[in-house]
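Residue 327 in my numbering sits at position 327 of the sequence shown; the count goes up by one each step and never skips. Glycine is no exception: its CB is placed at the ideal position from the N, C-alpha and C atoms. Working notes for the structure below.
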Amino acid sequence: MIAVNELLIRDIVSEVLGRLGGLPAPAKPAVSAGSAAATSPCGCGGKGIATSAPGLRGKFGVFADAVEACAAAQESFVQLQQMGVAARVKIVEIVKAMAEANAEVWGRLELDETRIGRLDHKIEKLKIIRLVPGVEWLRPDARSGDHGITLEEYTPFGVIGAVTPSTHSIPTLSGNIVNIIAAGNAVVFNPHPSAARCAAVAIRAYNEAIYREIGIENIATIIEKPSMESFSSICKHDAVRLLLVTGGPGVVKAAMETGKRAVCAGPGNPPVYVDDTACMKRAAKAIIQGASYDNNLLCIGEKEVFALDNIADKLMSQMQQNGGVKLTTVQLEALTKAAFTFTAGQGGGCGHAAVNRDFIGKDPSVLARAAGLNIPEGTQLLFAETDANHPFVVEEQMMPFLPITRVKSLEEGVAQSLVAEHGYKHTAIIHSHDIEAMTAMGRALDTTLFIKNGPCMAGLGLGGEGYLSFSIATPTGEGVSNPRTFTRVRRCVMVDNLKIY
Ligand code: NAD
């Protein structure tokens, strides 16, 4: 397994040698894809297999230029095609093992660069990459009958252009690599500029390990200094057949306007409804656990709670017993003023206030300071009672603070949840034992994830059944992305023959 220190030293040596006029030859692959990279499957001596252009050698996926990054990924895609499914399996194994082995170092690297979120959760998000499905997900469908045999199988697109968020840079790109390469593609990333350095470290490490193992050097490439121009170049490149964007409304809109097919993992503002049939202790624990995860950076994270009036006090009391601190009206007002910027005509209670980025993903102690109070060590989350129009309800705030709004009925709770979710169709959560309430909320919100009686993470296989991805395609409808999301369906038909029964 490659250690990060070793990689950093090698980067430095590589750069120095590069400046002296030549990049070092990459280490020899342990398994000769060499045999695969230099020999065609039919054994005819390698014809038809692209070899890297000299300028692309030794980059291990990290490129200054978007066109070069796309070309290198395309070349590696062709190599992967020649090497078959076994090579995909190997790459998936390498990425999962390295994400886990480097979780602490990379988690810290990402936190140091972005300064948002929590170290324990940054580490966990890398360790759980093993829950992302791989090649086993691509089971072909077969039909046989009087007219022969037909196979519908999942085939790659080629190169996928991917955009990753600042909220989980290395986890998103690692999960994306697993899905995309399991499906037989290569990928070029335009990462978030404020989380690009850590992303490049991971990409280089993955490619070095993959190269050593199977001889492919640029199966996942990245733009070292990403920009809107590099995004645009990637989108325009002929080799890029499909886009995958993970982020807020801006990037979703930009991707949809490119004219290329785009899988869009867009924003959310998940509401939680709690009624009087729920277990308050369990609901409170789950809400604190979900909303405090990585300081509420998750797109699926609990962002506002609508609680039936007759249990709201009990719920808040249980939240206080499980790591939550309740703010007074005055403290809430101070925090609101610090956490949002209001344009003229907007007060503390209405309108689309802009979230102050200095507070996104910060620790509860930072928010508490702005609210004017000291909180005990170990506090997970702040919360306060608000009305339904409060900026903390309306905006996707991504802070360890949760607004709690009282509602008088299921109908009001569902209606307010619908408004707060903004039609993103992302995630909704209910704490209830009333199946009719669950059905009513599920139908009305029509979200991609609908979680009952658990924290938001249960929707991604953490404490609930299911598999993981950090890219949940909401406006474009593919759902929790998996290898099949990045495939085309091919129908292979054999007429009359091979009908053996
Ligand atoms: P962001 O929208 O600021 O950035 C996301 C990515 O898009 C970045 O790489 C950024 O550089 C790029 N980008 C932004 N505007 C662009 C434009 N006009 N053209 C091209 N590229 C553009 O988001 P963020 O702060 O990094 O992440 C948080 C947002 O992402 C939240 O809205 C959250 O809900 C969402 N998110 C969604 C999912 C999901 O699976 N649905 C997962 C993670 C985050």
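Gly-250: first and last residue of the uninterrupted alpha helix (DSSP H) it sits in: Taking the first residue of the sequence shown as position 1, residue 250 is located at position 250. That run of the alpha helix (DSSP H) goes 249-256.
3 or more residues per run - each beta strand (DSSP E) lying fully within the region 418-498: 427-431, 449-452, 487-495
Contact the region 308-317 vs the region 482-492: 3+ CB pairs below 8 angstroms: no
Residue from Glu-75, Tyr-154, Gly-442 whose Cα sits closest to the Cα of Asn-179: To locate residue 179, count along the sequence shown from 1; it is residue 179. The residue with the shortest Cα to Cα distance from Asn-179 is Tyr-154.
Cβ pair Glu-237, Gly-161 closer than 9 angstroms: Translated into the one-based positions of the sequence shown, residue 237 becomes position 237. Translated into the one-based positions of the sequence shown, residue 161 becomes position 161. The sequence given here places His at residue 237; Glu does not occur at that position. In this structure, Gly-161 lies closer than 9 angstroms to His-237 by Cβ.
Residue ranges of each beta strand (DSSP E) within the region 157-214, 3 or longer: 159-163, 186-190
Proximity test, Arg-392 beta-carbon vs the ligand NAD heavy atom, cut-off 8 angstroms: Residue mapping note: residue 392 aligns to position 392 of the sequence shown, counting from 1. For the record, residue 392 in the displayed sequence is Phe; it is not Arg. Phe-392: no, Cβ never under 8 angstroms from the ligand NAD.
Bridge partners - Cys-264, DSSP secondary structure assignment: Taking the sequence shown and counting its residues from 1, one reaches residue 264 at position 264. Val-245, per the DSSP bridge assignment.
Val-95 vs Ile-181 beta-carbon contact at 9 angstroms: For the purposes of this step, residue 95 is taken as the residue at position 95 of the sequence shown. For the purposes of this step, residue 181 is taken as the residue at position 181 of the sequence shown. A contact, by the Cβ cut-off of 9 angstroms.
Where the alpha helix (DSSP H) containing Thr-328 begins and where it ends: Here residue 328 refers to the residue found at position 328 of the sequence shown. Neither: Thr-328 is in no alpha helix (DSSP H) and is coded neither H nor E.
Cutoff 8 angstroms; reference Leu-119; Cβ partners in own chain excluding five residues on either side: Numbered from its first residue, the sequence shown carries residue 119 at position 119. Result list for Leu-119: Gly-107, Arg-108, Leu-111, in chain order.
Cβ neighbours of Lys-281 in the same chain (closer than 7 angstroms, five flanking residues each side left out): By one-based count along the sequence shown, residue 281 stands at place 281. Gln-318.
Rounded C-alpha distance that separates Ile-210 from Cys-279: Taking the first residue of the sequence shown as 1, we reach residue 210 at position 210. Taking the first residue of the sequence shown as 1, we reach residue 279 at position 279. Going by the C-alpha atoms only, they are around 49 angstroms apart.
Phe-306: CB within 8 angstroms of a non-hydrogen atom of the ligand NAD: Translated into the one-based positions of the sequence shown, residue 306 becomes position 306. Between the ligand NAD and Phe-306, a heavy atom-to-CB distance of less than 8 angstroms is absent.
Residues that Ala-384 bridges to, as DSSP identifies them: As a first step, residue 384 must be located in the sequence shown, where it is residue number 384. In the DSSP output, where bridge partners are listed per residue, Ala-384 has Pro-403.
Nearest candidate by alpha-carbon position, reference Ile-375, set Leu-138, Val-325, Val-394: Here the question's residue 375 lines up with position 375 in the sequence shown. Here the closest residue by C-alpha is Val-325.
Euclidean distance between Cα positions of Ile-500 and Leu-151: Mapped onto the sequence shown, residue 500 falls at position 500. Mapped onto the sequence shown, residue 151 falls at position 151. Rounded to whole angstroms, Ile-500 and Leu-151 show a C-alpha spacing of 15 angstroms.
Residue from Tyr-273, Ala-142, Ile-91 whose Cα sits closest to the Cα of Gly-215: For the purposes of this step, residue 215 is identified with residue 215 of the sequence shown, where counting begins at 1. Closest by alpha carbon: Ile-91.
Ser-144, enclosing beta strand (DSSP E) - first and last residue: In the sequence shown, the residue the question calls residue 144 occupies position 144. Element bounds for Ser-144: 141-145.
Exposure of Arg-261, with buried meaning 16 or more beta-carbon neighbours within 10 Å: Numbered from 1 along the sequence shown, position 261 holds the residue referred to as residue 261. Exposed, because fewer than 16 other Cβ atoms sit within 10 Å of the Cβ of Arg-261.
Selected residue, minimal CA-CA separation from Lys-452, among Cys-198, Glu-436, Ser-432: Residue numbering aside, residue 452 sits at position 452 when the sequence shown is read from its first letter. In this structure, Ser-432 is the residue among Cys-198, Glu-436, Ser-432 with its C-alpha nearest to the C-alpha of Lys-452.
Closest residue to Ile-430 among Tyr-273, Glu-465, Gly-266 (Cα-Cα distance): For the purposes of this step, residue 430 is taken as residue 430 along the sequence shown, with counting starting at 1. Closest by alpha carbon: Tyr-273.
Bridge partner(s) assigned by DSSP for Tyr-273: Along the sequence shown, read from residue 1 onward, the residue named residue 273 stands at position 273. Paired residue(s): Phe-306, Ile-430.
Alpha-carbon spacing of Met-438 relative to Pro-391, whole angstroms: Start at 1 with the first residue of the sequence shown, and residue 438 comes out as number 438. Start at 1 with the first residue of the sequence shown, and residue 391 comes out as number 391. C-alpha separation (whole angstroms): 26 angstroms.
Cβ pair Ile-116, Asn-295 closer than 9 angstroms: As a working mapping, residue 116 is identified with position 116 in the sequence shown. As a working mapping, residue 295 is identified with position 295 in the sequence shown. Closer than 9 angstroms, so yes.
Integer Cβ distance of Ile-287 from Gln-380, believed to fall under 8 angstroms: As a working note, residue 287 is residue 287 in the sequence shown. As a working note, residue 380 is residue 380 in the sequence shown. In fact, because the Cβ distance is near 10 angstroms, the residues do not count as touching under 8 angstroms.
heavy atom of the ligand NAD below 8 angstroms from Ser-233 C-beta: Here residue 233 refers to the residue found at position 233 when the sequence shown is read from its first residue. Ser-233 Cβ: outside cutoff for every heavy atom of the ligand NAD.
CB contact flag (Ala-205, Ile-222, <9 angstroms): Indexing the sequence shown from 1 puts residue 205 at position 205. Indexing the sequence shown from 1 puts residue 222 at position 222. Judged by their CB atoms, Ala-205 and Ile-222 are not nearer to each other than the 9 angstroms cut-off.
Asn-102 versus Ile-129: straight-line alpha-carbon distance, rounded: Along the sequence shown, read from residue 1 onward, the residue named residue 102 stands at position 102. Along the sequence shown, read from residue 1 onward, the residue named residue 129 stands at position 129. Distance between the alpha carbons of Asn-102 and Ile-129 is about 12 angstroms.
For Glu-75 and Asn-218, believed in contact at Cβ under 8 angstroms, the rounded distance: As a first step, residue 218 must be located in the sequence shown, where it is residue number 218. As a first step, residue 75 must be located in the sequence shown, where it is residue number 75. 7 angstroms between Cβ atoms; contact.
Own chain, CB closer than 7 angstroms to Gly-463, minus 5 neighbours either side, in chain order: In the sequence shown, residue 463 corresponds to position 463, counting from 1. Answer for Gly-463: Gly-454, Pro-455, Met-457, listed in chain order.
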